[in-house]
Amino acid sequence: MELTDLTARALADGYKAKQFSVPDVISAYLQRIEAENPKLNAYLEVFDDARAAATVAQERIVRGTAHPLTGVPIAVKDNILINGKRVSAASKMLENYTATYDATAIKKLKDAGAVFLGRTNMDEFAMGSSTEHSAFGPTRNPHDTARVPGGSSGGSAAAVAAHLAPIALGSETCGSIRQPASLCGLVGFKPTYGAVSRSGLIAMGSSLDQIGPFARTVADAELVFNTIRGCDPLDGTTLEDYSEGVAKNKKIGVPRSFVNDAQPETKVVFEKKLTELAGKGYDIVDIELPSAPYALPAYYIVMPAEVSTNLARLDGMRYGHHVDGMNLLDEYKKSRAEGFGPETRRRIILGTYILSSGYYDAYYRRATALRSIIAADLARAYETVSYIATPTAPGPAFKIGEKADPVSMYLEDIFSAPANLAGLPSISVPMGTVARDGKDLPVGIQFMTPKRTDATLFSVARDTLGEA
Ligand code: GLN
């Protein structure tokens, strides 16, 4: 077994038992990244201080004051601030921007002694489901390099799937951790809204955004979550630390008519997994979520409205891409037109339209009303079941260039939207494979539970993966 095959937990055990050192592990990763990254484009930058950080972590291990993540390498999505490092959100707009502080999640990982390997590719400002919207070229799926890794956190997912990092941070506004986890065969976790601080996360849709982990095991995802979570004075939407009870029953609700939107082969794998879970003592029951089909359209109103507001600060004046113009308006226009890619511009324009007087009531207000109805529908379902399960995404990884039409790309998020709109925790775990072009491509199953019950999700995820 190679060092780059080990989980975060196994690395911690190995360090403790003096089987290998942190510098050994970091060297192994840097070598592998050098060999594999040119074909995958998972990392936009590999940090030149990783070896120095490894030495510091090793000293801490020797002193006997290690945290379970001390010396564990981690990849970070390019929209999470690390003090002194470039952070571009994969946009030309922020290509040369250097972070001036640490995101709270980063600070907690630094305190734990984790070693940051580099920053990973993503869809520009986290808008997309394939990582093709990056200003710095697409990332490729390690299971088939003609295909996308999913998105928007596709670089983080590809890095962990290709063993270029044991764990990674991603962010979700609507599926950007779970969907790439599904397409790359990983565990991807989106915490309860407010469990993890958004301070230092470049905002997309502030009422939806949440940082979360990618890992190859549930235990590793849980370890990262428990390290980065917690109430933060720098983010007023964070929750007081909560300890969740155990699930009240072993009932998994399946919204059948909603699940019908998945591709036939995905549904076959999904049903097989449910049968397996029934064999492990879970009770699989049909439920109705009448508002679920409206989650995606509601999301594509709420999100662009928040995007247009959040990205208004990027005007080329104080920081970011700047182009000289004839007057101030001309400078704004030129800087923003050059700095933002087509998908970002599309969403800014859509969001500005939705929030304009006259259309606010017609679109934004109705979408927020729908959002409450969706949350109420889910709450009703949780009166009888502890978990809700669907496939994570409609199908396996698609080909680069296959979903050039924006609406076909948006449909990738169909099963993701309810959890983000309602602020619920949700996890994707591998459930099997679907064959395409002679290759077995991973697909994931997604579970959702009520707010603050993140711990119960980890338990069903463990049972699903057969992890001790
Ligand atoms: N696919 C979603 C979108 O395009 C992803 C958003 C996200 O989770 N960052 O909006």
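Residues 202 to 669 in my numbering are what the sequence shown spells out, letter by letter.
Even glycine gets a Cβ: it sits at the ideal position worked out from N, Cα and C.
On a predicted model such as this, the values are computed, not experimentally measured, just so you know.
Residue i: CB within 7 angstroms of a non-hydrogen atom of ligand 1
i, result
"Met328", "yes"
"Thr184", "Residue 184 lies beyond the residue range present for the chain, which begins at 202 and ends at 669; the question has no answer from this structure."
"Thr510", "no"
"Glu613", "yes"
"Thr374", "yes"
"Met504", "yes"
"Ser357", "no"
"Ser383", "no"
"Met405", "yes"
"Arg377", "Per the sequence presented here, residue 377 reads as Ser, with Arg not at that position. Yes, since a heavy atom of ligand 1 falls inside the 7 angstroms radius drawn around the Cβ of Ser377."
"Ser353", "yes"
Enclosing alpha helix (DSSP H) for residue i [first to last residue]
i, result
"Asp484", "Per DSSP, Asp484 belongs to no alpha helix (DSSP H); it is in the beta strand (DSSP E), Asp484 to Ile488."
"Met504", "Ala496 to Asn511"
"Ala253", "Ala251 to Arg264"
"Pro465", "Pro465 to Gly480"
"Glu539", "Leu529 to Gly540"
"Ala656", "Asp655 to Leu666"
"Ser372", "Run containing Ser372: none in the alpha helix (DSSP H); it sits in the beta strand (DSSP E), Ile368 to Glu373."
"Leu384", "Arg379 to Cys385"
"Val524", "Per DSSP, Val524 belongs to no alpha helix (DSSP H) and is neither H nor E."
8 angstroms Cβ cutoff, residue i in contact with chain E
i, result
"Arg341", "No chain E appears in the structure shown, which is made up of a single protein chain."
Residue i, enclosing beta strand (DSSP E) - first and last residue
i, result
"Leu318", "Val316 to Thr321"
"Val447", "Where Val447 is concerned, there is no enclosing beta strand (DSSP E), given that its DSSP letter is neither H nor E."
"Asp638", "Here Asp638 belongs to no beta strand (DSSP E), and DSSP marks it neither H nor E."
"Glu415", "Here the sequence assigns Phe to residue 415, which means Glu is not the residue at that position. First-last of the beta strand (DSSP E) with Phe415: Gln411 to Ala416."
"Phe390", "Val388 to Lys391"
"Val247", "Tyr244 to Val247"
Paired residues, beta bridge with residue i - DSSP
i, result
"Pro274", "Val316"
"Asp436", "Asp433"
"Arg519", "Answer by DSSP bridge pairing: none, since Arg519 is not bridged."
"Ile281", "Leu402"
"Val460", "Partner(s): none; Val460 has no beta bridge."
"Pro631", "Gly645"
"Arg287", "Thr299"
"Val397", "Arg430"
"Val455", "Asp487"
Would you say the stretch 342-349 touches the stretch 591-606, given that touching needs at least three Cβ pairs under 8 angstroms? yes
Three or more beta-carbon pairs under 8 angstroms between the stretch 442-457 and the stretch 529-546, yes or no? The stretch 442-457 is not in contact with the stretch 529-546.
Across the stretch 364-372 and the stretch 228-236, are there enough close Cβ pairs to call them in contact, namely three or more that are closer than 8 angstroms? The answer is yes - the stretch 228-236 touches the stretch 364-372, with three or more Cβ pairs under 8 angstroms.
Contact the stretch 316-327 vs the stretch 269-287: 3+ CB pairs below 8 angstroms: yes
For a minimum of 4 consecutive residues, which ranges assigned as the alpha helix (DSSP H) are wholly contained in the stretch 207-238? Counting only runs of 4 or more, we get 209-217.
Go through the stretch 547-621 residue by residue and report every complete run of the alpha helix (DSSP H) that reaches 4 residues or more, in order. 567-582 and 607-611
For the stretch 294-366, which segments carrying the alpha helix (DSSP H) assignment without a break, of at least 4 residues, lie completely within its bounds, in sequence order? 305-313 and 355-362
Is the number of C-beta pairs between the stretch 515-524 and the stretch 562-580 that are closer than 8 angstroms three or more? no
Within the chosen definition, does the stretch 481-501 reach the stretch 452-464 through at least 3 CB pairs nearer than 8 angstroms? yes
Does the contact criterion of 3 or more C-beta pairs under 8 angstroms hold for the stretch 647-665 versus the stretch 624-634? Yes, they touch.
Determine contact between the stretch 628-647 and the stretch 398-405, defined as no fewer than three beta-carbon pairs at a distance below 8 angstroms. no
Pair every Cβ in the stretch 326-336 with every Cβ in the stretch 254-261, then say whether three or more of these pairs are closer than 8 angstroms. no
Touching by the beta-carbon criterion (3+ pairs, under 8 angstroms), the stretch 286-305 and the stretch 328-338: yes
So does the stretch 346-362 actually touch the stretch 380-388, counting three or more Cβ pairs closer than 8 angstroms? yes
Any contact of the stretch 460-480 with the stretch 579-587, i.e. 3+ C-beta pairs under 8 angstroms? no
For the stretch 610-624 and the stretch 372-382, state whether three or more C-beta atom pairs, one from each stretch, are separated by less than 8 angstroms. Touching, per the Cβ criterion.
Between the stretch 499-512 and the stretch 549-556, do at least 3 Cβ pairs fall closer than 8 angstroms? yes
Given 8 angstroms, three or more beta-carbon pairs between the stretch 205-225 and the stretch 410-428: Three or more beta-carbon pairs drawn from the stretch 205-225 and the stretch 410-428 are found closer than 8 angstroms, and the two stretches are therefore classed as touching.
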